[in-house]
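Structure first, then comments.
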Amino acid sequence: MAVEQVPSTPVDAANDTLSKRPLYEGSTQYQHWRFSPEQLHKTREVLNTDAIAAIRSTFEADSPGSSSDIQFLTYEEEILLVKLYVTKITQLCGHFRFPEEVEATAISYLKRFYLKNTVMDWHPKNVMLTALFLATKTTNHPISLEAYTSNIPRTAPSDVLDLEFLVAQSLAFEFAVWHVHRALWGIWLDAQDLPIPVPPERLQQAYDSALQYVGTSRITDAEFLFTPSQIALACLSLADHDLALRWATAKGVEANMETIEKVAIMVTRDGVVPSVEVVREIDRRLRLCKNPEKVVGSKAYIAKLAKVEREAEVKRARKAEEIRKAMEDGDPFGSELNDGARVIADLDEDD
Amino acid sequence: MSSAGRSNAGGWLRGSAIRKGTSSNNASRSLTPQVHSTSSTVFGGGVKDPSGRTSEFFSMDDQCPVCKSDRYLNPKLRLLVSSCYHKMCESCIDRLFTLGPAPCPICNKILRKLAFIPQTFEDLSVEKEVSVRRRIAKEFNKRREDFPILRVYNDYLEMVEDITFNLINDIDIPETEARIAAYRKENAALTELNTQRDQAYVQALKEQEEAEKRERQLRADELRRAEEEERDARENERRELIDSLERSDADAARLVRRSRADALKRAAARTAAASQAVQQSSAMLLRNRAAQSSTVPDVPHVPLQDDWYAYDDKYTMRETYVDPASEAVRRDREGIMRAGGYRVEEAWERALRSAVAGLEVTPLVGLEPS
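Here it is in structure tokens:
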């Protein structure tokens with residue numbers, strides 16, 4: 001943050017606040033990854049129904065009537081599955097001794113990915129690995145791919161890399177995340193400056209326990225509904241309500257404590273790791289209702305591959321024909337300028 | 001040098017007196033017109049080289065089309081070009097036109113002796129085009145500023161090009177000349193004004209160059225003087241050192257060391273002063289040049305136009321914080337643990353900003369897109 005603008009007078013400061021846009025509202029997190037609970041619900045529901053419709057039609061195309069007895073996952077079940085893999089990221093980060101920033105970023109990526117994709121297309125156990133690997137790179141804690149995969153059983157480098165572009169694309173290449181733990185750190189630092197000093201032991205204790213709540217908040221949807229500072233303050237209020245209130249009063253935002261309460265309730269209510277039995281049951285059903293086009297070796301997968309190959313073949317043939325025609329015209333680079341548009345259109349995907 | 005050698009050789013070959021040949025050459029030169037022709041109808045092609053001289057075209061195959069004498073017979077053969085762009089040797093010109101205007105032996109146009117010009121291009125059509133263009137440029141010297149809109153200026157340029165083309169290719173000469181005359185009459189004042197402007201500009205350029213030359217000279221003198229002073233000073237130091245070694249009974253080695261240190265200090269001061277002077281004058285030179293040549297305003301570059309509110313009034317930084325996480329980094333005075341430019345204060349500030357950022361944002365409600 002190189003911008004250092006110190007307002008000269010309080011009046012100036014007030015004017016600045018009015019005319020300028022706050023920094024956080026310029027972030028992609030605020031602009032593209034902020035929802036109302038209803039919007040979040042709707043997005044997931046639509047995604048789920050669309051996915052089910054698409055997969056059902058694939059099944060039907062394979063053998064008619066085969067999809068009638070398949071129990072597809074509901075979007076609540078999808079969330080449960082993703083939640084479990086969120087906790088897996090935490091475990092992996094502990095194993096690799098990654099800093100908290102990597103962990104938080106990877107979890108945000110995973111959750112954002114499943115706002116654009118469904119579990120039935122891409123299993124979170126693969127996406128999680130890619131999201132974490134991507135997060136190490138975007139947060140400037142790079143690790144070599146070999147070191148990464150060799151420490152995870154039954155994982156090849158290609159498993160991670162194959163999904164990388166898909167994940168980045170689903171994130172709309174918006175890799176920057178505003179984190180709750182950094183906001184909590186800021187609150188903790190600033191709380192040392194309260195008008196009535198708080199004993200350092202109490203501060204430290206509150207901070208440590210609030211950090212636990214921050215970890216819990218990552219399992220919930222809080223980051224899609226609230227700002228990082230609000231979640232951080234809520235975590236602090238869960239740890240030490242009085243301290244949080246005093247800090248909020250010092251900042252003049254005690255009127256917003258209502259929102260903070262909502263966050264706190266959400267963290268305690270939703271921040272529960274789903275039980276392994278439930279998730280195992282979901283996973284078992286997922287094996288049946290997975291999009292067959294994405295299952296290596298299945299009929300639909302082979303059909304899809306063949307289709308892609310056929311399209312590529314048609315394209316190649318067309319290209320060869322064009323080149324042959326150009327050679328016949330005597331100019332290997334083509335004769336007319338208006339051919340250029342089509343040639344460029346051909347270039348975009350596979351060249 | 002080479003021309004002297006050539007004339008010597010010629011004299012020797014002909015067996016005649018060398019002196020006579022040279023003198024006759026000189027005489028013919030003074031009789032025939034030089035580059036400064038007074039005629040207003042003929043403009044020499046005369047492309048000048050940087051020193052301001054016109055370099056004449058010269059070839060071993062030159063032959064006078066009138067008397068058929070060539071360079072083999074007459075090494076001093078000099079061909080001049082008439083206003084109808086026909087070549088003739090000097091002796092033919094003398095012979096034909098000394099008694100007044102006479103018709104050209106090739107095209108019968110009436111020519112005068114003074115209207116012959118030296119040849120600069122091998123191809124006479126180029127010669128003609130260059131001279132025509134030069135003449136036209138003198139007559140038609142309006143500028144873009146003299147026209148209200150670009151369209152009119154372009155029309156004017158088109159007309160000038162038409163006239164030039166006609167003159168070069170001998171199309172409708174009388175009519176074209178009439179057009180030029182009419183134009184001259186109409187625009188006499190403006191043409192005159194523009195001519196003066198051009199002259200003033202050339203003059204200004206020349207003055208600027210002069211000033212720069214003087215400045216350079218001054219700088220060189222300055223440098224030379226500084227060098228001399230330095231040499232004197234060094235001599236003085238040496239003498240003082242010897243004197244002090246003679247007179248005092250202090251440790252010789254220490255005396256030498258001290259005087260050396262002094263000398264070094266003085267030398268450094270001198271070079272600093274000298275280089276500063278040089279820098280100043282060259283900076284001034286550059287400024288002058290820039291002031292003269294740049295018409296485009298130099299607006300300072302602002303890399304970031306966006307103007308964000310960074311919550312500066314929401315927090316105040318303390319000198320230091322109790323922060324176990326960064327303690328190791330802060331204790332690390334040699335900076336082994338931190339990358340270049342890392343300051344823990346900046347990390348703190350980022351955290352503080354992040355703590356107050358968006359605290360008052362109301363959560364979204366409902367299905368309406370934000």
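Protein chains in written order, with the UniProt record's numbering: chain L, 1 to 351; chain D, 1 to 370.
The beta carbon of each residue, even a glycine, is placed where N, CA and C say it ideally should be.
In chain D, which residues lie less than 7 Å from residue i when you measure between Cβ atoms?
i        : result
L:Ile187 : Ala355
L:Glu38  : Gly366 and Leu367
L:Asn256 : Leu359 and Glu360
L:Gly26  : Trp308
L:Phe35  : Leu364
L:Gln20  : Here residue 20 of chain L turns out to be Lys, not Gln, going by the sequence shown. Residues of chain D passing the Cβ test: Asp307, Trp308 and Tyr309.
On the criterion of 16 or more Cβ atoms from any shown chain inside 10 Å, does residue i qualify as buried, or is it exposed?
i                      : result
D:Phe58                : exposed
L:Arg218               : buried
L:Cys289               : buried
residue 450 of chain D : Since the first and last residues shown for chain D are 1 and 370, residue 450 of chain D lies out of range.
D:Gln217               : exposed
D:Ile171               : exposed
D:Gln196               : exposed
L:Ile282               : buried
D:His36                : Any answer about D:His36 is weak, because its pLDDT of 42 lies below 50 and its placement is not dependable; what the coordinates show is given next. It counts as exposed.
Taking Cβ-Cβ distances shorter than 9 Å, what residues in chain D pair up with residue i?
i        : result
L:Pro197 : Near L:Pro197 there are no residues of chain D at all, since even the closest Cβ is about 11 Å away, more than 9 Å.
L:Trp178 : Ser354, Ala357 and Gly358
L:Pro99  : Per Cβ cutoff of 9 Å: no residues; L:Pro99 is ~10 Å from chain D at best.
L:Leu72  : Position check: residue 72 of chain L holds Phe in this sequence, whereas Leu was assumed. Under the 9 Å cutoff, chain D gives no residues; its nearest Cβ is about 24 Å from L:Phe72.
So, with DSSP's three-state summary, where would you put residue i?
i        : result
L:Trp122 : coil
D:Leu264 : helix
L:Ile282 : helix
L:Asp240 : coil
D:Arg143 : coil
D:Leu73  : coil
D:Pro103 : strand
L:Leu134 : helix
D:Leu111 : strand
L:Gln71  : coil
D:Asp123 : coil
L:Ser150 : helix
D:Arg330 : helix
L:His95  : helix
D:Gly335 : coil
D:Met317 : coil
D:Leu367 : coil
L:Glu328 : helix
D:Leu150 : helix
L:Val46  : helix
Can you check which of these residues, the options, is closest to residue i by C-alpha distance?
i        : options                                   : result
D:Ile110 : D:Pro101, D:Ala339, D:Asp146 and D:Ile117 : D:Pro101
D:Glu368 : L:His41, L:Thr90, L:Ser19 and L:Pro153    : L:His41
L:His32  : L:Thr58, L:Pro153, L:Glu78 and L:Leu225   : L:Leu225
L:Ala135 : L:Thr149, L:His95, L:Val177 and L:Asp159  : L:Val177
L:Cys235 : L:Gly271, L:Leu115, L:Leu84 and L:Cys93   : L:Gly271
D:Arg225 : D:Leu205, D:Gln119 and D:Thr271           : D:Thr271
L:Val119 : L:Lys325, L:Ala312, L:Leu305 and L:Pro292 : L:Pro292
D:Lys265 : D:Glu237, D:Ser244, D:Asp243 and D:Leu245 : D:Glu237
L:Ser68  : L:Ile55, L:His95 and L:Glu254             : L:Ile55
D:Glu360 : L:Ile260, L:Glu76 and L:Thr28             : L:Ile260
D:Glu240 : D:Asp262, D:Leu193, D:Tyr315 and D:Asp313 : D:Asp262
L:Leu129 : L:Gln192, L:Cys93, L:Pro99 and L:Glu100   : L:Cys93
D:Ser83  : D:Glu209, D:Val132, D:Asp307 and D:Arg151 : D:Val132
L:Leu238 : L:Ile265, L:Arg287 and L:Val82            : L:Ile265
Among all the DSSP beta bridges, which residues are the ones paired with residue i?
i        : result
D:Val81  : D:Lys87 and D:Ile117
D:Tyr342 : D:Tyr342 is not bridged to any residue.
L:Arg21  : D:Trp308
D:Gln63  : D:Asp70
Using a Cβ cut-off of 9 Å, pull out every chain L residue sitting near residue i, in sequence order please.
i                      : result
D:Gly340               : Chain L residues near D:Gly340: none, gap ~15 Å exceeds 9 Å.
residue 375 of chain D : Outside the modelled stretch of chain D, which goes from 1 to 370, sits residue 375 of chain D, for which no answer is possible.
For residue i, which residues in chain L fall below 7 Å Cβ to Cβ?
i        : result
D:Val322 : Gln192 and Pro200
D:Lys142 : Under the 7 Å cutoff, chain L gives no residues; its nearest Cβ is about 40 Å from D:Lys142.
Examine the ligand GDP and report whether any of its heavy atoms sits within less than 8 Å of the Cβ of residue i.
i        : result
L:Ser158 : Within the structure as shown, the ligand GDP is missing, as the structure has no ligands at all.
Residue i versus chain D: which residues are under 8 Å apart at the beta carbon?
i        : result
L:Gly94  : What L:Gly94 touches in chain D: nothing, since even the nearest Cβ is about 17 Å away.
L:Leu225 : Pro363 and Leu364
L:Leu23  : Trp308, Tyr309, Ala310, Tyr311, Arg353 and Ala357
L:Ser229 : Ser354, Ala355, Val356, Ala357, Gly358 and Leu359
L:Ala232 : Ala355
What does residue i touch in chain L if you count any residue whose Cβ is under 8 Å from its own?
i        : result
D:Arg330 : Chain L residues near D:Arg330: none, gap ~13 Å exceeds 8 Å.
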